[in-house]
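> Those protein sequences? They're chains A and B, same order as listed. Just so we're aligned, residue 0 is where the first sequence starts under numbering that gives the first Met the number 0, counting upward by one. Just so we're aligned, residue 0 is where the second sequence starts under numbering that gives the first Met the number 0, counting upward by one.
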Amino acid sequence: MDSALSEDPVALKILIAGGFGVGKTTLVGSISEIKPLKTEEILSDRGIGVDDLDGVEGKTTTTVAMDFGRITIREGLVVYLFGTPGQERFWFMWDELSYGALGAVVIADTRRLTDCFPSIDYFEQRGTPFVVAVNCFDGEASHSVEDVKIALDLEDHVPVLLCDVRKRSSAKEVMIALVEHSLRTLATAP
Amino acid sequence: MDDEAGPIVRPYALTKGRTRPSGAMLDLLALVTATGEAAGSPEQEAILRLARSPISVADVAADLDLPVGVVRVLLADMRDQGLISVTSQAGPRPSERVLKEVINGLRAL
Ligand SMILES: Nc1nc2c(ncn2[C@@H]2O[C@H](COP(=O)(O)OP(=O)(O)OP(=O)(O)O)[C@@H](O)[C@H]2O)c(=O)[nH]1
Ligand SMILES: [Mg+2]
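Set out below in structure tokens:
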């Protein structure tokens with residue numbers, strides 16, 4: 000056997016973001032086994048600024064389900080997908096998720112493009128490589144890639160693709176475009 | 000127990016109210032492997048079963064249908080008790096070779 004099996008396992012993390020109902024769950028499901036992953040926000044911690052364990056009995060939490068998918072490339076090399084809830088009030092877990100993430104797919108719907116602005120701002124600020132996948136809901140592109148780039152005020156190097164998140168082949172193309180983009184970004188990083 | 004479930008829940012009953020794990024925070028993608036047998040609760044038993052071969056923290060939470068925060072507390076306890084070992088998976092900067100392998104792997108899906 001060659002050395003591949005004795006290497007440390009590698010886990011890569013990719014985030015799937017975008018506005019409400021834009022196709023995040025569908026995309027993760029098209030390309031991987033998918034299961035819901037619950038996270039929770041501890042409500043009584045909010046705005047109080049205390050972290051001690053006193054009074055934890057009274058802590059209440061609100062539970063949020065994320066989409067969680069896994070693509071096994073080979074033993075010891077796994078890509079994990081996290082579909083993050085669109086609503087901004089659930090962004091409490093984004094910082095952890097984006098830490099060390101290989102990149103992100105931002106799904107956009109041309110009928111309400113502005114919904115993906117917050118995701119784009121977030122990844123731009125964090126320096127997380129991302130691609131924009133325009134989900135063509137009615138099987139037709141109502142906008143060109145160029146229009147979307149301009150409307151979203153994207154930097155030139157950010158890939159924009161048209162896709163149908165329900166189709167595995169299309170979902171695959173999106174993921175490949177992201178990994179290729181991350182590869183380029185890594186290559187040019189200091 | 001109150002039965003006013005609704006969107007506000009109290010999953011931390013399983014951890015006796017603790018919301019922070021002992022020791023360092025376990026990464027979502029850290030791998031958990033069972034090293035002991037004597038489980039002290041049904042949740043610990045379930046975790047030991049899942050962790051017969053290495054499994055990520057996120058997978059444990061999803062498979063048990065428990066919130067990540069709760070699972071982190073449970074796992075930290077089990078690690079302290081010597082029931083599991085936890086290894087982190089290689090970090091944020093994958094090599095070019097690995098990424099090319101991922102691209103080829105995705106193409107082959
Ligand atoms: N016609 C059509 N329907 C789609 C397409 N993509 C998603 N849908 C449908 O749109 C709805 C929303 O898709 P989801 O994948 O659940 O979207 P989401 O981003 O996970 O939604 P939230 O998690 O609620 O924010 C579902 O009913 C999908 O079946 C598409 O390309 N074409
Ligand atoms: Mg969804």
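All C-beta atoms in this analysis are idealised placements derived from N, C-alpha and C, irrespective of residue type, glycine included.
Report all residues for which the CB-ligand distance to some heavy atom of ligand 2 is below 7 Å; order them along the chain.
After applying the 7 Å Cβ criterion, the set is A:Lys23, A:Thr24, A:Asp66 and A:Gly82.
> Give me the DSSP bridge partner(s) of Pro35 (chain A).
Paired residue(s): A:Asp66.
> Does Ser84 (chain B) come within less than 8 Å of chain A when only Cβ atoms are used?
No, no contact with chain A.
> Consult DSSP for Arg92 (chain B) and reduce its assignment to one of helix, strand or coil.
In the structure shown, Arg92 (chain B) sits in coil (DSSP, three-state: anything other than H, G, I, E or B).
> With 7 Å as the C-beta to C-beta threshold (strictly closer), list the residues of the region 148–181 of chain A near chain B in chain order.
Against chain B - using a Cβ distance shorter than 7 Å - the residues of the region 148–181 of chain A are Lys171, Met174, Ile175, Val178, Glu179 and Ser181.
> In the DSSP assignment, find the alpha helix (DSSP H) that holds Leu73 (chain B) and state where it starts and stops.
Note, Leu73 (chain B): alpha helix (DSSP H), Val67 to Asp79.
> Can you pull the chain A residues whose beta carbon is under 7 Å from the beta carbon of Gly39 (chain B), in chain order?
Those within 7 Å of Gly39 (chain B) in chain A number zero; the least Cβ separation is about 20 Å.
> Quick one: using the 10 Å Cβ neighbour count with 16 as the cut-off for buried, is Leu105 (chain B) buried or exposed?
When all chains shown are included, Leu105 (chain B) counts as buried.
> So, does the CB of Leu26 (chain A) fall closer than 8 Å to a CB anywhere in chain B?
False, the Cβ-Cβ gap to chain B never drops below 8 Å.
> Are the region 89–109 of chain A and the region 9–25 of chain A in contact at 8 Å, needing three or more beta carbon pairs?
Enough Cβ pairs lie closer than 8 Å, so yes.
> Output the distance between the C-alpha atoms of Val67 (chain B) and Thr18 (chain B), rounded to the nearest integer angstrom.
So the alpha carbons of these two residues sit roughly 11 Å apart.
> If we call anything under 8 Å between Cβ atoms a contact, is Pro62 (chain A) one with Lys37 (chain A)?
According to the sequence provided, residue 62 (chain A) is Thr. The question's Pro does not apply to it. In contact: Thr62 (chain A) and Lys37 (chain A) (Cβ atoms closer than 8 Å).
> Of the residues B:Ser52, B:Thr14 and B:Ser94, which one's Cα is nearest the Cα of Thr32 (chain B)?
Of B:Ser52, B:Thr14 and B:Ser94, the residue nearest in Cα terms is B:Ser52.
> Does any heavy atom of ligand 4 sit closer than 7 Å to the C-beta of Asp163 (chain A)?
What this structure holds is ligand 1 and ligand 2, not ligand 4.
> According to DSSP, is Thr61 (chain A) helix, strand or coil?
If DSSP states are grouped into helix, strand and coil, Thr61 (chain A) belongs with the strands.
> Could you tell me which chain B residues have their CB closer than 8 Å to the CB of Ala186 (chain A), listed as they occur along the chain?
Neighbours of Ala186 (chain A) on chain B, chain order: Glu95.
> Going straight from the alpha carbon of Leu80 (chain A) to that of Gly35 (chain B), what length do you get?
Their backbone Cα atoms lie some 30 Å apart in a straight line.
> Would Gly82 (chain A) pass as a contact of Val159 (chain A) if the rule is Cβ separation under 8 Å?
Contact flag unset, no.
> Report buried or exposed for Tyr98 (chain A), applying the criterion of at least 16 other Cβ atoms within 10 angstroms of its Cβ.
Answer is exposed; the Cβ neighbour count stays below 16.
> Relative to the C-alpha of Leu63 (chain B), which candidate in B:Gln43, B:Arg78 and B:Gln80 has its C-alpha closest?
Checking every option, the nearest Cα to that of Leu63 (chain B) belongs to B:Gln43.
> First and last residue of the beta strand (DSSP E) that includes Phe129 (chain A)?
Per DSSP, Phe129 (chain A) belongs to the beta strand (DSSP E) from Phe129 to Asn134.
> On a Cα-Cα basis, can you pick out the residue from A:Glu154, A:Pro84, A:Gly75 and A:Asp163 that is closest to Glu123 (chain A)?
Of the candidates A:Glu154, A:Pro84, A:Gly75 and A:Asp163, the one whose C-alpha sits nearest the C-alpha of Glu123 (chain A) is A:Glu154.
> Could you tell me whether any Cβ in chain A is nearer than 8 Å to the Cβ of Asp76 (chain B)?
False, the Cβ-Cβ gap to chain A never drops below 8 Å.
> Determine the chain B residues that contact Lys23 (chain A) at a beta-carbon separation under 9 Å, and present them in chain order.
The premise fails here: Lys23 (chain A) is roughly 16 Å from chain B at the closest Cβ pair, so nothing lies under 9 Å.
> Return yes when the Cβ of Ser55 (chain B) is within less than 8 Å of the Cβ of Ala10 (chain A), no when it is not.
Yes; because the gap between Cβ atoms is below 8 Å, this pair is in contact.
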